[in-house]
Amino acid sequence: AQTVTQSQPEMSVQEAETVTLSCTYDTSESDYYLFWYKQPPSRQMILVIRQEAYKQQNATENRFSVNFQKAAKSFSLKISDSQLGDAAMYFCAYRQRSEFEGGSEKLVFGKGTKLTVNP
Amino acid sequence: NAGVTQTPKFQVLKTGQSMTLQCAQDMNHEYMSWYRQDPGMGLRLIHYSVGAGITDQGEVPNGYNVSRSTTEDFPLRLLSAAPSQTSVYFCASSYSSRGKTQYFGPGTRLLVL
Chain A
4 AQTVTQSQPE MSVQEAETVT LSCTYDTSES DYYLFWYKQP PSRQMILVIR
54 QEAYKQQNAT ENRFSVNFQK AAKSFSLKIS DSQLGDAAMY FCAYRQRSEF
104 EGGSEKLVFG KGTKLTVNP
Chain B
120 NAGVTQTPKF QVLKTGQSMT LQCAQDMNHE YMSWYRQDPG MGLRLIHYSV
170 GAGITDQGEV PNGYNVSRST TEDFPLRLLS AAPSQTSVYF CASSYSSRGK
220 TQYFGPGTRL LVL
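Next up, the structure:
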């Protein structure tokens, strides 16, 4: 079974600085997808960034980027120029690519990292 | 589009009571799923559906039933609530599999006394 591990229960960063959140996963599959979701105090789950395993290029979305190391099964999230609004729980998630349309592709989540942004 | 909607936002139940958590999406997504979120546990899959009339169990299905009579709706039923089902419940949907991004509803907070 696939597992996702976030080894940092809590992290803090100063406003305008850069922080990296760690995520490792375990799978025997070669084709899959990885996601980072943000959950602010409102509890809404918001997609931050997505990476397809067959793509070597690291995904970026404005101030958010990932360092995807497929061989090491590592998928870290870097937040640049941190803002107060970035404070939230961040969840790393894995989704296996189904061999066929309609197959089961459940999301497997890590336990989350609570990010605090200090002014 | 309203996206994924969930009702109610908050509910208190007594042990043994039954209730249905509603989930609807207006994006014509084939794939829908229910997760529960407990402190320190992340999100865990309860049940999922790959299309109308098709459902299957996830990681923690005991105590919950689902059905999918339409593409839009995917209700979650608690037949006899237990305190262990106190949690925050999220519904999510996506286009059919192949790694498409899942979009989440705002969640339902359930307290079972």
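Top to bottom, those sequences are chains A and B. For the first sequence, counting from 1, position 80 maps to 83 in this note's numbering; every step adds exactly one. For the second sequence, counting from 1, position 46 maps to 165 in this note's numbering; every step adds exactly one. Think of the CB as a built atom: it goes at the ideal place given N, C-alpha and C, for glycine as much as any other residue. None of the values given here were measured: they were computed from a predicted structure.
List the residues that DSSP assigns as beta-bridge partners of residue i.
{"i": "A/Y40", "result": "A/L50 and A/F94"}
{"i": "B/L162", "result": "B/Q156"}
{"i": "B/M138", "result": "B/L197"}
{"i": "B/D175", "result": "B/Y167"}
{"i": "A/D29", "result": "A/T6"}
{"i": "B/R228", "result": "B/F129 and B/V207"}
{"i": "B/D192", "result": "B/A143"}
One question on the structure: do residue i and residue j come within less than 8 Å of each other, judged by their Cβ atoms?
{"i": "A/L80", "j": "A/F94", "result": "no"}
{"i": "B/H148", "j": "B/Y214", "result": "yes"}
{"i": "B/V231", "j": "B/A211", "result": "no"}
{"i": "A/S77", "j": "A/T21", "result": "no"}
{"i": "A/E18", "j": "A/Q86", "result": "yes"}
{"i": "B/Q125", "j": "B/T227", "result": "yes"}
Quick one: does residue i have its CB under 8 Å from some CB of chain A?
{"i": "B/F223", "result": "yes"}
{"i": "B/T139", "result": "no"}
Give me the chain D residues within the contact set of residue i, using Cβ-Cβ distance strictly less than 8 Å, ordered along the chain.
{"i": "B/F209", "result": "Of the protein chains in this structure, namely A and B, none is chain D."}
Would you verify that the beta carbon of residue i is, or is not, closer than 8 Å to some beta carbon of chain B?
{"i": "A/F112", "result": "yes"}
{"i": "A/R53", "result": "yes"}
{"i": "A/F67", "result": "no"}
Taking the beta carbon of residue i as the centre, do at least 16 other beta carbons fall within 10 Å, making it buried, or is it exposed?
{"i": "B/S188", "result": "exposed"}
{"i": "B/L140", "result": "buried"}
{"i": "B/F129", "result": "exposed"}
{"i": "A/K109", "result": "buried"}
{"i": "A/V69", "result": "buried"}
{"i": "B/S168", "result": "buried"}
What are the boundary residues of the beta strand (DSSP E) that includes residue i?
{"i": "A/L87", "result": "It is not in any beta strand (DSSP E) - A/L87 carries neither H nor E in the DSSP assignment."}
{"i": "A/E13", "result": "E13 to Q17"}
{"i": "B/Y183", "result": "Y183 to V185"}
{"i": "A/N70", "result": "F67 to Q72"}
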